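Colleague: Attaching a single structure in structure tokens format; questions to follow.
Protein chains: 4
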Amino acid sequence: MKIAAKQFALYGFHDTKISMIVKEANVTQPTFYLYFKSKEAIFQELIDLFKAKLDMRVEQSRLSSGIEAAGLLQRISNNIALIFQLFQENEQIARIGFFLSEDAIEIKKQMAKQIEENLTAEVEEGYFHSNVDLSIIASAIVGVIEHLTLTKLWAGLKTPEELSQDITRLFLYGLIREDN
Amino acid sequence: MKIAAKQFALYGFHDTKISMIVKEANVTQPTFYLYFKSKEAIFQELIDLFKAKLDMRVEQSRLSSGIEAAGLLQRISNNIALIFQLFQENEQIARIGFFLSEDAIEIKKQMAKQIEENLTAEVEEGYFHSNVDLSIIASAIVGVIEHLTLTKLWAGLKTPEELSQDITRLFLYGLIREDN
Amino acid sequence: MKIAAKQFALYGFHDTKISMIVKEANVTQPTFYLYFKSKEAIFQELIDLFKAKLDMRVEQSRLSSGIEAAGLLQRISNNIALIFQLFQENEQIARIGFFLSEDAIEIKKQMAKQIEENLTAEVEEGYFHSNVDLSIIASAIVGVIEHLTLTKLWAGLKTPEELSQDITRLFLYGLIREDN
Amino acid sequence: MKIAAKQFALYGFHDTKISMIVKEANVTQPTFYLYFKSKEAIFQELIDLFKAKLDMRVEQSRLSSGIEAAGLLQRISNNIALIFQLFQENEQIARIGFFLSEDAIEIKKQMAKQIEENLTAEVEEGYFHSNVDLSIIASAIVGVIEHLTLTKLWAGLKTPEELSQDITRLFLYGLIREDN
DNA sequence: AATGAATGAGTATTCATTCAT
DNA sequence: AATGAATGAATACTCATTCAT
Chain Y
24 MKIAAKQFAL YGFHDTKISM IVKEANVTQP TFYLYFKSKE AIFQELIDLF KAKLDMRVEQ
84 SRLSSGIEAA GLLQRISNNI ALIFQLFQEN EQIARIGFFL SEDAIEIKKQ MAKQIEENLT
144 AEVEEGYFHS NVDLSIIASA IVGVIEHLTL TKLWAGLKTP EELSQDITRL FLYGLIREDN
Chain L
24 MKIAAKQFAL YGFHDTKISM IVKEANVTQP TFYLYFKSKE AIFQELIDLF KAKLDMRVEQ
84 SRLSSGIEAA GLLQRISNNI ALIFQLFQEN EQIARIGFFL SEDAIEIKKQ MAKQIEENLT
144 AEVEEGYFHS NVDLSIIASA IVGVIEHLTL TKLWAGLKTP EELSQDITRL FLYGLIREDN
Chain A
24 MKIAAKQFAL YGFHDTKISM IVKEANVTQP TFYLYFKSKE AIFQELIDLF KAKLDMRVEQ
84 SRLSSGIEAA GLLQRISNNI ALIFQLFQEN EQIARIGFFL SEDAIEIKKQ MAKQIEENLT
144 AEVEEGYFHS NVDLSIIASA IVGVIEHLTL TKLWAGLKTP EELSQDITRL FLYGLIREDN
Chain D
24 MKIAAKQFAL YGFHDTKISM IVKEANVTQP TFYLYFKSKE AIFQELIDLF KAKLDMRVEQ
84 SRLSSGIEAA GLLQRISNNI ALIFQLFQEN EQIARIGFFL SEDAIEIKKQ MAKQIEENLT
144 AEVEEGYFHS NVDLSIIASA IVGVIEHLTL TKLWAGLKTP EELSQDITRL FLYGLIREDN
């Protein structure tokens, strides 16, 4: 599965051939089918693996958010950093689950929904003003995470902490100079 | 090309078969090769078409931004709306160029660079504070546009204007209540 | 036809495409079919053209052979030179008729038969001894002409006269030193 | 490979279809590609097989020529007979390598060179006179072998021994009556 | 648990040829 | 006399998958 993940992440679904996977694994093609029902099946397994890790991390992030006594910015930033860390530690299956799979849309939708719930709670707690559509904000956050992961994190240009700090600050305070 | 765009957008590159394109076009396979060198070639043509439209729109957006005397928020919002409108009017080739193609990364990088330049100018003009990395902001904006296009615009849930208004406000002022 | 001859000679039957012929001729494909029934047909026409020229030349050679009063070697050599000259002056159709076509075998068989008749006559006139099979000699002569045309004449290494002199001497006197 | 050789020899490269080869072999098309990289590849393999056999035989012929104590004519005749026997025993790959392939010219050139070397040696030993160009003689011998193989040997009209005897005598003593 | 050997079903591409104008 | 536009029929090659051992 590691080898498959690597190749799927590298070449995409169609351009990854079973023959190449088994060659790198030093087994034969029938052996592959001993362990996986089909090419789709192993791909789906990798997606599910990613989903599970993502779900776990999101759960974790919610908990850690409640526990901490840090400032609002730091708390949110920490939560987002956890997501980036997940992507960093599981680049290959993240590529598959979050970018290559057809489930990606659903996974992101789920993630956005989660974020929206959190935001709603925070609005109710009076942290945020409420004159923007929270579903848009949530979706925007997902888009930002997604794209920064690809262009900054996986490119090795930024750490999870840098990224989460910057985007949290952006999302909280915006770009406008205070004196404007 | 319209038919090809439709099918590529719907099924992706590999799962779009020439036989299906020509069937819907009511011509035979050799006819296809009369007009396009290969499957790759027509795909690339569609990408290039999208690139051209995007470049033109970005150019347009820069000009209109300079001319207008509207408020900062409205000016930026208008620019972003133009991009969303492009995606709305050209959903299929946008899907191909912005999501399906291998050039997508490069196209987005280009777009982010463009946005970064604009931001840099605005920072110099004193509109924005400068304690965030502008390349991250630019990348974030691309991510937001990309993801909102997919989940809100193309889902028919929001108009270009709504989206651009909301995300401009978000990016300018952030989520924090003024009195926080 | 000139253009077709050139391309057939250069690329062979299968690798010569009608599309290439008409492109070089600056006409369209339907125009080709206005003048030739099919690809096979024009190929056959070129073969027939070669056949006609070859027949004419062989006829000529027989006549000239009777008229001349030169020595035996010179007479035979002249006849063979005429054949080489034909190949030299009509390289392209000769390539087609003598090397590329499926009629080539038949054409050569015909040529060998002609030569055999001549040899038989000369044997009867007492010029040659008769302890070798004349059909083999005739066939050998064809083989020699064929191969020297390809390797020496068309390679520009030898003239028709040089070739015919050398092979006539060889066929008449052999390689053995006189004092052996 | 036997079946492929048969079909290539019979129909030529282009008119031999993989589908026909595999049909006669009672396997499917993918099975073909399990053993051969492409149509060109199997064709080349057959050519190489012929080349190898030819080289071996030529080597053999040179050795046997040195050892034997037989008369000059018999020795040369035996050598040539060995070549004819090769063609007889390997008709199909000989057809491919010597007549159908694009390597044929090179193979024959090589063979002619070999023969020329032998002749040069024999001239130096004083057996032959030297007033003819030996490269022409060598090329002529190749032409004779080539053509007699096609018209006499493979037609079943002559045996290797008959052919080699006759052409050796021809090349050594010529056609002229001794008393001429 | 593993594999050597095989295949069903596709899939892009080519090329001689023709039809309507 | 000429052509723009189209096609019928092939054809080499690929790849996920399976069967017998």
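Protein chains in written order, with this note's numbering: chain Y, 24 to 203; chain L, 24 to 203; chain A, 24 to 203; chain D, 24 to 203. We put the CB at the ideal spot given by N, CA and C, even for glycine. Since we're looking at a predicted model, the values are computed, not measured.
Got a sec? Which residues, its chain only, sit under 7 Å from L96 (chain A) by beta carbon, not counting five neighbours each side?
Modeller: The sequence position of residue 96 (chain A) within the third sequence is 73, counting from 1. Closer than 7 Å at the Cβ level, and outside the excluded window around L96 (chain A), lie T191, R192 and L195.
Colleague: Suppose the cutoff is 8 Å on Cβ atoms and the five residues either side in sequence are ignored; what does the same chain contact list for K76 (chain D) look like?
Modeller: Working through the fourth sequence from its first residue, we reach residue 76 (chain D) at position 53. Within the same chain, K76 (chain D) has close Cβ partners L109, N113 and I116.
Colleague: Mind pulling the chain A residues with CB within less than 7 Å of R192 (chain D)?
Modeller: Taking the first residue of the fourth sequence as 1, we reach residue 192 (chain D) at position 169. Residues of chain A passing the Cβ test: V155.
Colleague: Of the choices L:Y150, L:S100, L:E125 and L:V45, whose alpha-carbon is the least far from that of D71 (chain L)?
Modeller: On the second sequence, position 48 is the one that residue 71 (chain L) refers to. Among L:Y150, L:S100, L:E125 and L:V45, the Cα nearest to that of D71 (chain L) is on L:E125.
Colleague: Which residue or residues does DSSP assign as beta-bridge partners of I168 (chain Y)?
Modeller: For the purposes of this step, residue 168 (chain Y) is identified with residue 145 of the first sequence, where counting begins at 1. According to DSSP, which records beta bridges pairwise, I168 (chain Y) is partnered with nothing at all.
Colleague: Thinking L157 (chain Y) and I159 (chain L) are a contact (beta carbons under 8 Å), I'd like their distance in whole angstroms, please.
Modeller: Reading the first sequence from its first residue, position 134 is the one you call residue 157 (chain Y). Reading the second sequence from its first residue, position 136 is the one you call residue 159 (chain L). Rounded, the Cβ-Cβ distance is 23 Å, inconsistent with contact.
Colleague: Nearest chain Y C-beta to Y58 (chain L) closer than 8 Å, yes or no?
Modeller: Taking the first residue of the second sequence as position 1, residue 58 (chain L) is located at position 35. Closer than 8 Å: no.
Colleague: Taking only three categories from DSSP, how would you classify F151 (chain D)?
Modeller: Here residue 151 (chain D) is taken as the residue at index 128 of the fourth sequence, counted from 1. Of the three classes helix, strand and coil, the one that applies to F151 (chain D) here is strand, per DSSP.
Colleague: Mind pulling the chain A residues with CB within less than 8 Å of L186 (chain D)?
Modeller: The residue labelled residue 186 (chain D) in the question sits at position 163 within the fourth sequence. The CB of L186 (chain D) comes closer than 8 Å to the CB of I159 in chain A, given here in chain order.
Colleague: Is the shortest distance between the beta-carbon of T51 (chain L) and the beta-carbons of chain Y less than 8 Å?
Modeller: Within the second sequence, numbered from 1, the residue matching residue 51 (chain L) stands at position 28. No, because no Cβ of chain Y sits closer than 8 Å to the Cβ of T51 (chain L).
Colleague: Less than 6 Å between C-beta atoms, sequence neighbours within five positions excluded: which residues of the same chain meet that for F151 (chain L)?
Modeller: In the second sequence, counting from the first residue as 1, residue 151 (chain L) sits at position 128. Within the same chain, and ignoring the five residues on either side of F151 (chain L) in sequence, the residues whose Cβ sits closer than 6 Å to its Cβ are E145.
Colleague: So G120 (chain L) contacts chain Y; which residues on that side make the cut at Cβ distance below 7 Å?
Modeller: Looking up residue 120 (chain L) in the second sequence gives position 97. Those do not exist, as G120 (chain L) stays about 16 Å from chain Y at its closest Cβ, beyond 7 Å.
Colleague: Can you check DSSP and say which residues form a bridge with I199 (chain D)?
Modeller: Here residue 199 (chain D) is taken as the residue at index 176 of the fourth sequence, counted from 1. According to DSSP, I199 (chain D) bridges with A:F151.
Colleague: I'd like to know if E169 (chain A) contacts chain D, where contact means its C-beta is closer than 8 Å to some C-beta of that chain.
Modeller: Locating residue 169 (chain A) in the third sequence gives position 146, where the first residue counts as 1. True, the Cβ-Cβ gap to chain D drops below 8 Å.
Colleague: Relative to the C-alpha of P183 (chain A), which residue among A:A135, A:V155 and A:L105 is closest?
Modeller: Mapped onto the third sequence, residue 183 (chain A) falls at position 160. The shortest Cα separation from P183 (chain A) among A:A135, A:V155 and A:L105 belongs to A:L105.
Colleague: Report yes or no: do three or more beta-carbon pairs, one from the stretch 123-140 of chain A and one from the stretch 162-177 of chain D, lie closer than 8 Å?
Modeller: The stretch 123-140 of chain A makes contact with the stretch 162-177 of chain D: 3 or more CB pairs, one atom from each, lie closer than 8 Å.
Colleague: What residues from the stretch 104-116 of chain D come within 7 Å of chain A, judged by C-beta to C-beta, listed N to C?
Modeller: If the cut-off is 7 Å between Cβ atoms, the stretch 104-116 of chain D has nothing near chain A.
Colleague: Measuring CB to CB, does A32 (chain Y) end up less than 8 Å from I65 (chain Y)?
Modeller: As a working note, residue 32 (chain Y) is residue 9 in the first sequence. As a working note, residue 65 (chain Y) is residue 42 in the first sequence. Not a contact, by the Cβ cut-off of 8 Å.
Colleague: What first and last residue would you give for the alpha helix (DSSP H) that runs through S42 (chain Y)?
Modeller: Here residue 42 (chain Y) is taken as the residue at index 19 of the first sequence, counted from 1. Start and end: I41 to A48.
Colleague: Would you say L195 (chain Y) faces chain L, with C-beta separation under 8 Å as the test?
Modeller: Translated into positions along the first sequence, residue 195 (chain Y) becomes position 172. Cβ-Cβ to chain L under 8 Å: yes for L195 (chain Y).
Colleague: Taking all protein chains shown into account, decide if E139 (chain D) is buried (16 or more other Cβ within 10 angstroms of its Cβ) or exposed.
Modeller: If you number the fourth sequence from 1, residue 139 (chain D) lands on position 116. Its Cβ being crowded by 16 or more others within 10 Å, E139 (chain D) is buried.
Colleague: Residues of chain A with a CB under 7 Å from the CB of G166 (chain D): which are they?
Modeller: In the fourth sequence, counting from the first residue as 1, residue 166 (chain D) sits at position 143. The answer, in chain order, is G166, V167, E169, H170 and L171.
Colleague: Let me confirm a value: A178 (chain Y) is counted as buried when at least 16 other C-beta atoms fall within 10 Å, else exposed. Which label applies?
Modeller: Position 155 of the first sequence, counted from the first residue, corresponds to residue 178 (chain Y). It counts as exposed.
Colleague: Starting from K181 (chain Y), follow the alpha helix (DSSP H) in both directions and report where the run begins and ends.
Modeller: Taking the first residue of the first sequence as position 1, residue 181 (chain Y) is located at position 158. K181 (chain Y) -> no alpha helix (DSSP H), and no H or E assigned at all.
Colleague: Going by DSSP, what residue range makes up the alpha helix (DSSP H) through I99 (chain L)?
Modeller: Along the second sequence, one-based indexing puts residue 99 (chain L) at 76. Here the alpha helix (DSSP H) through I99 (chain L) covers L95 to E112.
Colleague: Would you call S61 (chain Y) buried or exposed, if buried means 16 or more other Cβ atoms sit within 10 Å of its Cβ?
Modeller: Here residue 61 (chain Y) corresponds to residue number 38 of the first sequence, with the count starting at 1. S61 (chain Y) should be labelled exposed.
Colleague: For the putative contact between G166 (chain L) and G197 (chain Y), defined by C-beta atoms under 8 Å, what is the C-beta separation to the nearest angstrom?
Modeller: Here residue 166 (chain L) refers to the residue found at position 143 of the second sequence. Here residue 197 (chain Y) refers to the residue found at position 174 of the first sequence. With a Cβ gap of about 17 Å, G166 (chain L) and G197 (chain Y) do not count as contacting.
Colleague: In whole angstroms, what separates the C-alpha of F55 (chain D) from that of F107 (chain A)?
Modeller: Sequence index remark: in the fourth sequence, residue 55 (chain D) carries index 32 (1-based). Sequence index remark: in the third sequence, residue 107 (chain A) carries index 84 (1-based). Straight-line measurement puts the Cα of F107 (chain A) at about 45 Å from the Cα of F55 (chain D).
Colleague: Under 8 Å by Cβ, that's how I've got Q30 (chain L) and S42 (chain L) pegged, so tell me the actual separation to the nearest angstrom.
Modeller: As a position in the second sequence, residue 30 (chain L) is number 7, starting the count at 1. As a position in the second sequence, residue 42 (chain L) is number 19, starting the count at 1. Incorrect: roughly 11 Å between the Cβ atoms, too far for contact.
Colleague: Are the beta-carbon atoms of M206 (chain D) and E63 (chain D) separated by less than 8 Å?
Modeller: Residue 206 (chain D) falls outside the range modelled here, since chain D spans only 24 to 203, and no answer is possible.
Colleague: Would you decide whether K40 (chain Y) is buried or exposed? Buried here means 16 or more other CB atoms lie within 10 Å of its CB.
Modeller: Your numbering for residue 40 (chain Y) matches position 17 in the first sequence. By the neighbour-count criterion, in which a residue is buried when 16 or more other Cβ atoms sit within 10 angstroms of its Cβ, K40 (chain Y) is exposed.
Colleague: What are the start and end residues of the alpha helix (DSSP H) that includes G35 (chain A)?
Modeller: Within the third sequence, the letter at position 12 stands for residue 35 (chain A). Residues K25 to D38.
Colleague: Is there a C-beta anywhere in chain A that falls below 8 Å from the one on T39 (chain D)?
Modeller: The sequence position of residue 39 (chain D) within the fourth sequence is 16, counting from 1. It does not; no Cβ of chain A falls within 8 Å.
Colleague: Compute the distance between the beta-carbons of I103 (chain Y) and S187 (chain Y), then report whether it is under 8 Å.
Modeller: Against the first sequence, residue 103 (chain Y) aligns to sequence position 80. Against the first sequence, residue 187 (chain Y) aligns to sequence position 164. Yes.
Colleague: Using beta-carbon positions only, say whether F59 (chain A) and I119 (chain A) come within less than 8 Å of one another.
Modeller: Walking along the third sequence from the start, residue 59 (chain A) turns up at place 36. Walking along the third sequence from the start, residue 119 (chain A) turns up at place 96. No.
Colleague: Under 7 Å between beta-carbons, which chain D residues line up against D126 (chain A)? List them in chain order, please.
Modeller: Taking the third sequence and counting its residues from 1, the one referred to as residue 126 (chain A) is at position 103. Those do not exist, as D126 (chain A) stays about 14 Å from chain D at its closest Cβ, beyond 7 Å.
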